[in-house]
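Participant: Before we start, here is the structure in question, set down as structure tokens.
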Amino acid sequence: MDNINLALAVVFQLCQSLLVVALAPLLTGWVGQCRAWLQNRSGPGLLQPYRTLHKLFLKEALLADNASPLFRATPYILFGCMWLAAAIIPIIAVDLPFSQAADVIALVGVFALARVFIALAAMDIGTSFGSMGARREMLVSFLAEPALLMVFFTSSLISQSTQLPHIVETFSHHAFVLYPSLAFASIAFLMILLAENARIPVDNPATHLELTMIHEAMILEYSARHLALIEWASSLKLFAYMTIGFALFFPYGIAEVGNWGALPLAIVALLLKLTAAGAGLAGLEAMLAKMRIFRVPEFLGTAFLLAVLGLLIHFLLGA
Amino acid sequence: MDEISILPIDVVGGVILLWIALGLFGLALYRHKSLICNVVFPFGAALSLLLAATGLWALGESADIAVLPLGLPDLPLHLRLDPLSAFFLILLGAASFGVSLYSAGYFKSMKGRVLGLLCLEYHLFLASMALVLLADDAYMFMVAWESMALSSYFLVTTDHKIPDIRRAGFLYLLIAHVGAISILLSFGVMQAGHGIAAYTFDAMRANSLSSFWSSLAFLLALFGFGAKAGVLPMHVWLPEAHPAAPSPVSALMSGVMLKTAIYGLIRITFDLLDVHLWWWGVLVLALGLLTAIFGVMFAAVQGDMKRLLAYSSIENIGLLLVGIGLVIIFHVYGKNALAALALTATLYHSINHAFFKSLLFIGTGSILHATGERNMGHLGGLIRRMPWVAATLLIGVLSIAGLPPFNGFISEWLLLQAFLLSPGLPNSHINMLIPVAAAVIALAAALAAYVMVKFYGIIFLGQYREPGLEHAHDAGGWERAGLVWLAAGCVALGLAPVYVVQKLDMVTKMLLGQGLGNSTSGWLFIAPVDIERASYSPVYFLLAVVGVMLVTAWVVHRYYHGRVRRVPAWDCGFPAQNGRMQDTAEGFGQPIRRLFEPFFKIEREVPSPFDAQPRYHGQTDDQIWFFLYLPIKQLTVRLSAWTSLIQHGRIHVYLLYTFVTLIVLLAFV
Chain L
931 MDNINLALAV VFQLCQSLLV VALAPLLTGW VGQCRAWLQN RSGPGLLQPY RTLHKLFLKE
991 ALLADNASPL FRATPYILFG CMWLAAAIIP IIAVDLPFSQ AADVIALVGV FALARVFIAL
1051 AAMDIGTSFG SMGARREMLV SFLAEPALLM VFFTSSLISQ STQLPHIVET FSHHAFVLYP
1111 SLAFASIAFL MILLAENARI PVDNPATHLE LTMIHEAMIL EYSARHLALI EWASSLKLFA
1171 YMTIGFALFF PYGIAEVGNW GALPLAIVAL LLKLTAAGAG LAGLEAMLAK MRIFRVPEFL
1231 GTAFLLAVLG LLIHFLLGA
Chain Y
108 MDEISILPID VVGGVILLWI ALGLFGLALY RHKSLICNVV FPFGAALSLL LAATGLWALG
168 ESADIAVLPL GLPDLPLHLR LDPLSAFFLI LLGAASFGVS LYSAGYFKSM KGRVLGLLCL
228 EYHLFLASMA LVLLADDAYM FMVAWESMAL SSYFLVTTDH KIPDIRRAGF LYLLIAHVGA
288 ISILLSFGVM QAGHGIAAYT FDAMRANSLS SFWSSLAFLL ALFGFGAKAG VLPMHVWLPE
348 AHPAAPSPVS ALMSGVMLKT AIYGLIRITF DLLDVHLWWW GVLVLALGLL TAIFGVMFAA
408 VQGDMKRLLA YSSIENIGLL LVGIGLVIIF HVYGKNALAA LALTATLYHS INHAFFKSLL
468 FIGTGSILHA TGERNMGHLG GLIRRMPWVA ATLLIGVLSI AGLPPFNGFI SEWLLLQAFL
528 LSPGLPNSHI NMLIPVAAAV IALAAALAAY VMVKFYGIIF LGQYREPGLE HAHDAGGWER
588 AGLVWLAAGC VALGLAPVYV VQKLDMVTKM LLGQGLGNST SGWLFIAPVD IERASYSPVY
648 FLLAVVGVML VTAWVVHRYY HGRVRRVPAW DCGFPAQNGR MQDTAEGFGQ PIRRLFEPFF
708 KIEREVPSPF DAQPRYHGQT DDQIWFFLYL PIKQLTVRLS AWTSLIQHGR IHVYLLYTFV
768 TLIVLLAFV
């Protein structure tokens, strides 16, 4: 019985990962479409990211003369890291055999690993925009990463576990309690999500002005399949962050251990949540203006302090 | 066991004697350079490996004791090999194996006479570090400690013809001795006036001191070992001495010698003293946090690659102190399971740091040999000329940045788990401190990633910043062997945490009476408390990422294509791109310098727009140097000036002084 359960869980794990990999560009498309509507444009349609990916995969890859193996391996490493992140997060159900291999601290580590590689790859060609992008990305991350860790710490302390499935179980199967510490953590998390996914007000995913770019400046030299994998990994990252947010702050609808019947409902709940969150993200981006790069540390410092405050409140009030 | 069987301590003693003999042999053979390089150093390396193996053997055994027929009249030299010593001997042996192999290639280009001397100092340094770890009485400890300081001083000043290096060496020697005096006083307090025979560690264990005397002994030890380890504010010698020393020496000093100070602190705190107070832990924790954040902040703004690594060592020492502080706090409040977790994290981080810091330092040695340049702003693009160094250092960089699945991540993971388990301490002030401490640790770890991207990116990636770099050569055979060994160590320590933690259990059991225990979760998953609470499996982690990478690559190449064309870099269509247009080390660190400006003393010289020959110069210095050390120096100079008032150099004046002193003494008697 145990073996059957384990086999089922592994199959399920693979299904979830494939589903996430397939769905992630759709989320990016949805956010883009909402932005277009808010800007009074008709928009390219939900499927545009898939068309872009297909086009990029078909093209011939152009590599700079002095590109090293590190530059060529990075898109694959990025994709692998983001796949792993998506495999750890309980997106539809909490029955994930893989989540034992890495807890929330390791999840932060996965994101950090991906970031270090893309920053190194950005410096590999030796263009001025590349190293500028790498420097700015590391500036954003050195405040965003500890803030994310503090958000995780708050929820880990409440649920007495650093395993995401256990955190989700604690939050979703208890009576609804408003934790003051989690309120702080959720605001901090939203700010981190904006910063880490290169969204307005920290970065602009649609910018074409070199001097204001962060993420786009790092991937200027990539083309064809390498670029496609990076774009795909970026949409996976956005997807992963959103589902982390759901898992920590709005875990309702995620299927319990062994409850296979709840899966359809879980998928519907996930789609509804993503639709709402994507529209919300587009709305936020439409309302905010991008800030100067040296305002970014203040923004992220606020996020970090809010996250630490949440943690302190938990230590002081025990809630 | 029959009587003629060999004990681990005999093997360790043999290794130490052979090291000394090898050093003398090298000195005698100074005319035969290739013999020193190709025989003496590799043989020393083999002894290191033997030492590590013996340590592994001794870890599971009960303590061995040896009393040598040498030493003071009432105090023969005592040696003792217990699990704590054994663990640090493993660290010493395993790290120095790689460094000695590397040295065999690195010192080849040296002049014979210098090489002979260096060979002697190098092996004496190794032997004295091993003796520090074995010493079981204060006299033996201080003798070994001083020979360690002196041999390393001579190693630092190998290039003594350069005034800056002499200055750096002097600063190191000074701080080492201030620290040594403090350690000696600490032993004096613990010996509690029971005569010379009470200077053995066994007598000190038996003494039970009042909390005042215990605190005094602890504070003296913290100051003394802190000076050696580079704890704030005694850190100033590290960024001076490490760049001055030859790279393998920096590697040993940073990777291993700093750990002997950590060993001493652990030995005195948990083994020799039996009273512990909670504020010791808070003090150590706070010092550790300050040191960590200070070290990494300064590392981010350095332009010299070895200074950058020295500051990064300061950061890591801070992390180790944080671990020790947590152990003391948990131990005082009777939470020994948590104390064991924090101690495991500390010891794990010690051995991790020994591997990756030695690796990075010897890597900078190869770069220095190939290019003659320590300033990162003149390097760049070396990944194309030095693939071996670049590949092994990439592993080192990822490890030190605390990224999974490498070894640095595991010790940080364990330390953070210890923080997460800490609520419920009876002291509410500490409960307030702990989340802040966790936040600072997280910040330091994230900044370490910034520093390491800067280090690796500026040195190895991009275009050559100077014309000569396209002729840089890769490391030679011996050097490669050393680099590969240390890099492999980083990977192995990262992938087999369960095995390492089992071994560390022997040490925690000895010191705290409790191990971590990792029995239920099997060899793949490390779960320090409970698999429900937290678990991590680096092997699965690596398999997943690499597996997905391979599958993705296969799918893309199979269903689309794998065509690739080499073209000039695009860079948004800007035509003239040269190496000078990339970020320099200063440029990459500029955001950090701007963010933390109040902590630095910045001197900047910016050209005006109309300069015909514009020159930019920026220097970032340590405020502590100006606030603390220069006033002390001025005070010393002033005091010496006053003393010189009564110094005339004429014999009759001195006779007069003697006469007056006699009269005064007679008046009292």
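Listed in order, the protein sequences are those of chains L and Y.
Letter by letter, the first sequence follows residues 931 to 1249 of this note's numbering.
Letter by letter, the second sequence follows residues 108 to 776 of this note's numbering.
Cβ coordinates follow ideal geometry from the N, Cα and C atoms, glycine included.
Measure the CB-CB distance between Ala1074/L and Ala1064/L and report whether it falls below 7 Å.
Facilitator: As a first step, residue 1074/L is located in the first sequence; it is residue number 144 there, counting from the start. As a first step, residue 1064/L is located in the first sequence; it is residue number 134 there, counting from the start. The answer is no: Cβ separation not under 7 Å.
Participant: Excluding the 5 residues flanking Gly583/Y on each side, which residues of the same chain have their C-beta closer than 7 Å to its C-beta?
Facilitator: Within the second sequence, the letter at position 476 stands for residue 583/Y. The residues are Gly212.
Participant: Once the 5 residues before and after Leu1050/L are set aside, which same chain residues still bring their CB inside 8 Å of it?
Facilitator: Within the first sequence, numbered from 1, the residue matching residue 1050/L stands at position 120. For Leu1050/L, where only same-chain residues beyond five positions count, the Cβ hits under 8 Å are Leu1000, Thr1004 and Ala1064.
Participant: Quick one: list the residues of chain L neighbouring Thr499/Y, beta-carbon separation under 9 Å, in chain order.
Facilitator: Along the second sequence, one-based indexing puts residue 499/Y at 392. The premise fails here: Thr499/Y is roughly 14 Å from chain L at the closest Cβ pair, so nothing lies under 9 Å.
Participant: Have a look at Pro346/Y and Ala651/Y and give me their C-alpha separation to the nearest angstrom.
Facilitator: In the second sequence, counting from the first residue as 1, residue 346/Y sits at position 239. In the second sequence, counting from the first residue as 1, residue 651/Y sits at position 544. Cα to Cα, the separation comes out at about 40 Å.
Participant: Go to Pro183/Y, then tell me how far its alpha helix (DSSP H) extends in each direction, as first and last residue.
Facilitator: The sequence position of residue 183/Y within the second sequence is 76, counting from 1. That residue, Pro183/Y, is in no alpha helix (DSSP H); its beta strand (DSSP E) goes Leu182 to Leu188.
Participant: So, using beta-carbon positions, are Ser1061/L and Gln689/Y closer together than 7 Å?
Facilitator: The residue labelled residue 1061/L in the question sits at position 131 within the first sequence. The residue labelled residue 689/Y in the question sits at position 582 within the second sequence. In this structure, Gln689/Y lies closer than 7 Å to Ser1061/L by Cβ.
Participant: Give a yes or no on whether the minimum CB-CB distance between Ser626/Y and chain L is below 7 Å.
Facilitator: Your numbering for residue 626/Y matches position 519 in the second sequence. Below a pLDDT of 50, predicted positions are generally treated as unreliable, and Ser626/Y, at 49, falls in that range; no measurement from the model is reported.
Participant: Within 8 Å, do at least three Cβ pairs link the segment 987 to 997 of chain L to the segment 634 to 641 of chain Y?
Facilitator: No: the two stretches stay apart, fewer than three of their Cβ pairs being nearer than 8 Å.
Participant: Would you identify the three-state DSSP class for Arg414/Y, choosing helix, strand or coil?
Facilitator: Against the second sequence, residue 414/Y aligns to sequence position 307. It is helical.
Participant: Is any beta-carbon of chain L found at less than 7 Å from that of Arg492/Y?
Facilitator: In the second sequence, the residue the question calls residue 492/Y occupies position 385. Judged by the 7 Å Cβ criterion, Arg492/Y is not in contact with chain L.
Participant: Name, in chain order, the residues that DSSP records as bridge partners for Val174/Y.
Facilitator: Along the second sequence, one-based indexing puts residue 174/Y at 67. Answer is His185/Y.
Participant: Name the two residues that bound the continuous alpha helix (DSSP H) containing Gly91/Y.
Facilitator: There is no way to answer for residue 91/Y, as the model of chain Y reaches only from 108 to 776.
Participant: What's the call for Lys985/L, buried or exposed, on a 16-neighbour Cβ count within 10 Å?
Facilitator: As a position in the first sequence, residue 985/L is number 55, starting the count at 1. Exposed.
Participant: Mind pulling the chain Y residues with CB within less than 8 Å of His1145/L?
Facilitator: By one-based count along the first sequence, residue 1145/L stands at place 215. None at all; the shortest Cβ gap to chain Y is about 15 Å.
Participant: Check whether the Cβ of Ala449/Y lies closer than 6 Å to any heavy atom of the ligand GDP, and answer yes or no.
Facilitator: Questions concerning the ligand GDP fall outside what the structure shown contains, since it holds no ligand whatsoever.
Participant: Within 8 Å, do at least three Cβ pairs link the segment 545 to 559 of chain Y to the segment 667 to 680 of chain Y?
Facilitator: Judged by Cβ distances under 8 Å, the segment 667 to 680 of chain Y makes no contact with the segment 545 to 559 of chain Y, as fewer than three pairs qualify.
Participant: Taking the runs of the alpha helix (DSSP H) that are 4 residues or longer, which of them lie wholly in the segment 702 to 753 of chain Y?
Facilitator: Correct list: 737 to 750.
Participant: Along the chain, where does the alpha helix (DSSP H) containing Lys1070/L start, and where does it finish?
Facilitator: For the purposes of this step, residue 1070/L is identified with residue 140 of the first sequence, where counting begins at 1. The sequence shown places Val at residue 1070/L, not Lys. It spans Ser1058 to Ser1089 - the alpha helix (DSSP H) in which Val1070/L sits, taken as one unbroken run.
Participant: Let me make sure I understand the geometry here. Which of Pro149/Y, Leu177/Y and Pro270/Y has the alpha-carbon closest to that of Val250/Y?
Facilitator: On the second sequence, residue 250/Y is found 143 positions in, with the first residue counted as 1. It is Leu177/Y.
Participant: Just tell me which of Thr743/Y, Leu631/Y, His664/Y and Leu763/Y has its CA closest to the CA of Phe1028/L.
Facilitator: As a working mapping, residue 1028/L is identified with position 98 in the first sequence. Checking every option, the nearest Cα to that of Phe1028/L belongs to Leu631/Y.
Participant: For a contact defined as C-beta to C-beta under 9 Å, what are the partners of Val1107/L on chain Y?
Facilitator: Locating residue 1107/L in the first sequence gives position 177, counting from the first residue. Correct list: empty, because the minimum Cβ distance to chain Y is about 18 Å.
Participant: Which bits of chain L does Ile249/Y rub up against, with CB to CB less than 8 Å?
Facilitator: Numbered from 1 along the second sequence, position 142 holds the residue referred to as residue 249/Y. A quick correction: the sequence has Met, not Ile, at residue 249/Y. None at all; the shortest Cβ gap to chain L is about 41 Å.
Participant: Leaving out five residues on either side along the sequence, give the residues of the same chain with a beta carbon under 6 Å from the beta carbon of Ser626/Y.
Facilitator: The sequence position of residue 626/Y within the second sequence is 519, counting from 1. With a pLDDT of 49 at Ser626/Y, under the threshold of 50, the predicted position of this residue should be treated as unreliable, though the coordinate-derived value follows. Excluding residues within five positions, none has a Cβ falling inside 6 Å.
Participant: Can you give the Cα-Cα distance for Asp181/Y and Ala304/Y, rounded to whole angstroms?
Facilitator: Your numbering for residue 181/Y matches position 74 in the second sequence. Your numbering for residue 304/Y matches position 197 in the second sequence. For Asp181/Y and Ala304/Y, the distance between alpha carbons rounds to 6 Å.
Participant: Rounding to the nearest angstrom, what Cα-Cα distance links Ser317/Y and Ala245/Y in this structure?
Facilitator: The residue you call residue 317/Y lines up with position 210 of the second sequence. The residue you call residue 245/Y lines up with position 138 of the second sequence. Ser317/Y and Ala245/Y: Cα-Cα distance of roughly 20 Å.
Participant: For Tyr440/Y and Lys616/Y, what's the separation of their Cα atoms in angstroms?
Facilitator: In the second sequence, the residue the question calls residue 440/Y occupies position 333. In the second sequence, the residue the question calls residue 616/Y occupies position 509. The alpha-carbon atoms of Tyr440/Y and Lys616/Y are separated by roughly 17 Å.
Participant: Could you round the C-beta distance between Asp309/Y and Leu618/Y to whole angstroms and report it? I think they count as a contact, below 8 Å.
Facilitator: Residue 309/Y sits at position 202 when you count from the first residue of the second sequence. Residue 618/Y sits at position 511 when you count from the first residue of the second sequence. So it is not a contact: roughly 16 Å between Cβ atoms.
Participant: Please return the same chain residues whose Cβ sits closer than 7 Å to the Cβ of Val338/Y, not counting the five positions on each side in sequence.
Facilitator: By 1-based counting over the second sequence, the position of residue 338/Y is 231. Around Val338/Y: Leu394, Thr398, Ile424 and Leu428.
Participant: How many angstroms separate the CA atom of Pro183/Y from the CA atom of Leu175/Y?
Facilitator: Here residue 183/Y refers to the residue found at position 76 when the second sequence is read from its first residue. Here residue 175/Y refers to the residue found at position 68 when the second sequence is read from its first residue. The straight-line gap from Cα to Cα measures roughly 6 Å.
Participant: Enumerate, from N- to C-terminal direction, the unbroken alpha helix (DSSP H) stretches of 4 or more residues contained entirely within the segment 969 to 1048 of chain L.
Facilitator: You should have 978 to 988 and 999 to 1018.
Participant: Nearest by alpha-carbon distance to Ala466/Y: which of His139/Y, Ala444/Y, Ala237/Y and Ala498/Y is it?
Facilitator: For the purposes of this step, residue 466/Y is taken as residue 359 along the second sequence, with counting starting at 1. In the sequence under discussion, the amino acid at residue 466/Y is Leu, which differs from the Ala named in the question. When only C-alpha atoms are compared, the closest one is Ala498/Y.
Participant: Buried or exposed for Arg965/L, please, with buried defined as at least 16 other CB atoms from any protein chain shown within 10 angstroms of its CB.
Facilitator: The residue you call residue 965/L lines up with position 35 of the first sequence. Classification of Arg965/L: buried, given that the 10 Å Cβ count is 16 or more.
Participant: Under the DSSP definition of a beta bridge, which residues are partnered with Asp244/Y?
Facilitator: Looking up residue 244/Y in the second sequence gives position 137. Beta-bridge pairing links Asp244/Y to Thr307/Y.
Participant: Does the distance from the C-beta atom of Leu243/Y to that of Leu186/Y stay below 7 Å?
Facilitator: To locate residue 243/Y, count along the second sequence from 1; it is residue 136. To locate residue 186/Y, count along the second sequence from 1; it is residue 79. First, the amino acid is wrong: residue 243/Y is Asp here, not Leu. Yes, Cβ-Cβ distance for Asp243/Y and Leu186/Y is below 7 Å.
Participant: Exposed or buried, His1156/L, counting other C-beta atoms within 10 Å across all chains shown (16 or more means buried)?
Facilitator: If you number the first sequence from 1, residue 1156/L lands on position 226. Looking at its Cβ environment, which holds 16 or more other Cβ atoms inside 10 Å, His1156/L is buried.
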